[in-house]
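Below is one structure; the comments refer to it alone.
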Amino acid sequence: MKKLILFITVTTFFSYSGANGQSVRLTGLQSDHLETPIGIDNPAPRLSWRMDDSRKGAKQTSYRVLVDKDSMKVVNGKADIWDTGKINSGDMLITYAGKQLEPFTKYYWKVIGGDLENKEVSSSVSSFETGMMDIKNWQGAWIGDGKDINYEAAPYFRKKFATNKTIKSARAYIAVAGLYELYINGEKIGNHRLDPMYTRFDRRNLYVAYDVTEQLRNGQNAIGVLLGNGWYNHQSKAVWDFDRAPWRNRPTFCMDLRITYSDGTVETIPTDLSWKTSSGALTFNSIYTGEHYDARLEQKGWNTPDFDDSKWHGVGFRGVPSQNVTAQQIRPIHNVLTLPAKSLNKIDDKTYVFDFGQNMSGVTNIKLSGQEGTEVRIKHGERLFDNGRIDMSNIDVYYRGDKEKDPFQTDILILSGGEDEFMAKFNYKGFRYVEVTSDKPIELDQNSLTAYFMHSDVPPVGTIKTSSELVNKLWWATNNAYLSNLMGYPTDCPQREKNGWTGDGHFAIETALYNFDGITVYEKWLADHRDEQQPNGVLPDIIPTGGWGYGTDNGLDWTSTIAIIPWNLYMFYGDSKPLSDCYENIKRYVDYVDRTSPNHLTTWGRGDWVPVKSRSNKEFTSSVYFYVDTRILANAARLFNKQTDYEHYTALAEKIKKAVNDKYLNKETGIYAEGSQTELSVPLQWKIVPEEMIAKVAQNLAKKVEEAGFHLDVGVLGAKAILNALSENGYPEVAYKVAAQDTYPSWGWWIVNGATTLLENWDLKAERDISDNHMMFGEIGGWFYKGLGGIFPDPEQPGFKHILLRPNFVKELKHFEAQHNSPYGQIISKWEWNRKKIKYEVVVPANSTATLYLPDYVKGDKVIKLEAGKHSLVLNVSK
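Take the sequence shown: its position 630, counting from 1, is numbered 759 in this note's numbering, and each next residue is one higher.
Next comes the structure, spelled out in structure tokens:
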């Protein structure tokens, strides 16, 4: 087939050398925080870039953005769709405001920026491509195989069609309730896993767009679609009641294959009654438990044009799951890291146990041969019994299904008699160990099984390097736990539940954003919040949910995600859209709590979950979060020029603060409530302590920690607060001793006992709440950047336009380095002790500035203004 290929010569980037010969570039162009996305529905996408210029004082003095359908116009500095003209501004994130965007259209754009010498430099040309833009633009119908919700075999679909003209481009748009894999002419399209992302299916459905130009050919073509249940048709029973979700149904999909020919005509191949369906080798799939695959039932070539589908059946129409079918614009889930087995223990000729050396979320791929009909069970777990077999007792807790027919975290493979290969398509597990058992002898070696660490593929943006091996391992383990619990939404654990617990999500938000570029995942999850919110403002404490979670404890300390997460996205990215999108939701939420809390105090919440021993007052901690949410709402009102709201919620926040302090603060002793570590650290962390009492409360906290031998005595709320409360109020050395503690109870205790992720319980011998891959205690991964590196965004100039630097040079560390790739570029805070001197190095990215606040024991100026560039200081100290 002849395809029209356009060769466009575009310089990779335009730059020039400044006065000192250093290159200046505009780079990192993104549309809605993604690189060259296709299939976007946002009528006003955000466009962003950064300036690479290592000169001192480097900054952007102006910008001009050009957008057009014609790439060569943009290359030549012209645009009819949008030309901002020269704007004298340092902004590097703007919202599109040109002509109305058309569906199915590729737009090219670039930015021309002025540098500190007012010399102009041009970026390379980037692009974004619109998708459906409106549900009315779909031509395909929603179709299914006609089976009911309890039918176990997965449905396969195919459509054969012909093309006889030269193809210019082709796009596939596929919306699914459930999960899918898409094939064209036998080739799997894309490398995403578990698409589309999990949503509240009866309120919002996502579609994915693909460029499939290269997969089509002249003459006969075939599309193949395999559907999985995902969270849409949850057949495995567990305590969360997803099998009774209001949306539950047999998986269904809608697809348009839109082909543009070189003569300008467009043809769409839609889903309709001409498609055919059948079952096949995938006999059962559950996002929660596993997959069953009978290799004897494989229909070779089912997704190719030459396949004989005479025995396949017709499809039926289905209702649209929701009226909100919108583009999935998010960092996808991938098999990110390939892990070979570290060791293999052959128990006998039917039993093998593989150790992959670290805990993770993901899947395994097995290659083996055996007698036809042999049943192979592939069980995934986190722990081993003394006899070397897998121990599932810490994670197989809430499953209520048939554990013989549908075993937990176990794939079942029936061998074909030839060489078989299997990897789960619509499931993932949490595991370090894999036990392979069979009903007939099989021969496996260490290479027979490969593991894939699978998660939302968010780019890393942070690095911590220290002289402490324990701290380095702890940072690595924290990131492993975070990534294991990121599957298009943040989860609590990748095995026992896979639930989007709200508390876990916001406890770890700063760790997330210092270490990874995850804004697209959180924007998607905040949309899930808006879908789930009741008209009165109430949110469930797992999101999405099939109905579970609207109980009595789904309160402030957990569901504050609706305020805390968009506020942090604004702090880290300088992007106010998530906050704006959630503004009315935050307002409804705060108003509900206000209506039900006449004295401005509330007991609504879960409290300091999984503490070591001391219990904390739930009314106290929940009321602090009431203050936090109200304060965020007031700040958002000010940002969006909602003066009446600003005045109202500022006054409400002060009333809550006063009510908390009047009831719980002993102003003589400086003790809150009963004086637990959590009760002292939470008000310090969230700045509810009266100014004149901060020093006394912080001193009491430091004393309390020292009395505990620098060990933790907190649950999740205290774990979020304690290190910040200490390091930001005069006790960084105490905070570090807690952070680097390696005896029970502490984070380090887990690491010295072999943990490669964070755990759910401080006590290794606890009998409940004992997942070995949890993120709710994960604040420590963000604290390294704050408490040691001292890197903070400035609320007045967010997105690190201005950086607040408050490093703490703790004596127990010889050297420390934190790197964070902000929207403006790389920030580095690096220090090293040399007797009574500290060598401190800072990199401030171009178009940003910083203020350095030095500790009291450093001689000389305590506040130093820093312009963009690299700075090296030698500091004399008195301690």
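Where a beta carbon is used, it is the ideal one built from N, C-alpha and C, also for glycine.
query	result
Along the alpha helix (DSSP H) that carries M700, what are the first and last residues, could you check?	T690 to Y702
Tell me the rounded alpha-carbon separation between F143 and G928.	Confidence in F143 is poor, its pLDDT being 46 and thus under 50, which makes the residue's placement unreliable; the coordinate value appears in the next sentence. If I take the Cα positions, the gap works out to 26 Å.
Just list the residues that DSSP pairs N790 with in beta bridges.	Its beta-bridge partners do not exist; DSSP assigns none.
Are the CB atoms of G998 and K248 nearer to each other than 7 Å?	no
Taking all protein chains shown into account, do 16 or more other C-beta atoms lie within 10 angstroms of the C-beta of D686, making it buried, or fewer, making it exposed?	buried
Is F514 closer than 7 Å to L578 when the C-beta atoms are compared?	no
Of the choices R377, V368, I352 and W876, whose alpha-carbon is the least far from that of N362?	R377
Could you pull out every residue in the same chain whose Cβ sits closer than 6 Å to the Cβ of G269, ignoring the five residues on either side in sequence?	C383, M384, D385, P399 and T400
Report, in whole angstroms, the separation of the C-beta atoms of S365 and D535, which I expect to be a contact under 8 Å.	6 Å
Quick check on DSSP: helix, strand or coil for Y801?	strand
Compute the distance between the beta-carbons of S255 and T394, then report whether it is under 7 Å.	no
Considering only DSSP beta bridges, list what A827 is partnered with.	Beta-bridge pairing links A827 to no other residue.
Three or more beta-carbon pairs under 8 Å between the segment 601-614 and the segment 890-909, yes or no?	yes
Hey, could you find the ends of the beta strand (DSSP E) I638 is sitting in?	Not the beta strand (DSSP E): I638 falls in the alpha helix (DSSP H), residues I638 to N644.
Taking one C-beta from the segment 354-361 and one from the segment 519-531 each time, how about it: are there three or more such pairs within less than 8 Å?	no
Once DSSP output is grouped into helix, strand and coil, what is the label at C711?	helix
In three-state DSSP terms, what is D182?	coil
Any idea if T750 is buried or exposed, counting beta-carbon neighbours within 10 angstroms, 16 or more meaning buried?	buried
Can you tell which of T885, Q452 and K471 has the C-alpha that lies nearest to the C-alpha of D660?	Q452
Pick out whichever of K716, K747 and Y651 has its Cα sitting closest to the Cα of D704.	Y651
So, under 8 Å CB-CB, N334 and V454 are touching, yes? Tell me the CB distance rounded to an integer number of Å.	5 Å
How is N523 classed by DSSP in three states: helix, strand or coil?	coil
Name the residue from E246, P669 and W605 whose alpha carbon lies nearest to the alpha carbon of R329.	P669
Enumerate in chain order the residues of its own chain whose CB-to-CB distance from S1001 is below 6 Å, with the five nearest sequence positions on each side excluded.	E970
Which word fits K716, buried or exposed, when buried means at least 16 other C-beta atoms lie within 10 angstroms of its C-beta?	buried
Would G499 and V587 qualify as a contact pair, given that the criterion is a beta-carbon distance under 7 Å?	no
Here's the rule I'm using: 16 or more other beta-carbon atoms within 10 Å means buried, otherwise exposed. How should E713 be labelled?	exposed
Output the distance between the C-alpha atoms of E420 and L599, rounded to the nearest integer angstrom.	38 Å
My understanding is that S805 touches I851, with C-beta atoms under 8 Å, so please give their C-beta distance in whole angstroms.	Actually they are not in contact, since the Cβ atoms of S805 and I851 sit about 10 Å apart, beyond 8 Å.
Near R179, what residues of its chain come up, given a Cβ to Cβ distance below 7 Å and the 5 sequence neighbours on each side ignored?	T156, G157, M221, P952, Y953 and G954
Does the Cβ of Q663 have 16 or more other Cβ atoms within 10 Å, making it buried, or fewer, making it exposed?	exposed
I'd like the span of the beta strand (DSSP E) that includes I648, first residue to last.	Not the beta strand (DSSP E): I648 falls in the alpha helix (DSSP H), residues I648 to E661.
Would DSSP call D633 helix, strand or coil?	helix
Going by DSSP, what residues sit across from Q948 in a beta bridge?	T592 and I957
Please report how far the alpha carbon of K747 lies from the alpha carbon of I459, in whole angstroms.	36 Å
What is the DSSP secondary structure of F143, reduced to helix, strand or coil?	Confidence is the limiting factor: at F143 the pLDDT is only 46, short of 50, which leaves the residue's position unreliable, though a coordinate-based value still follows. Coil.
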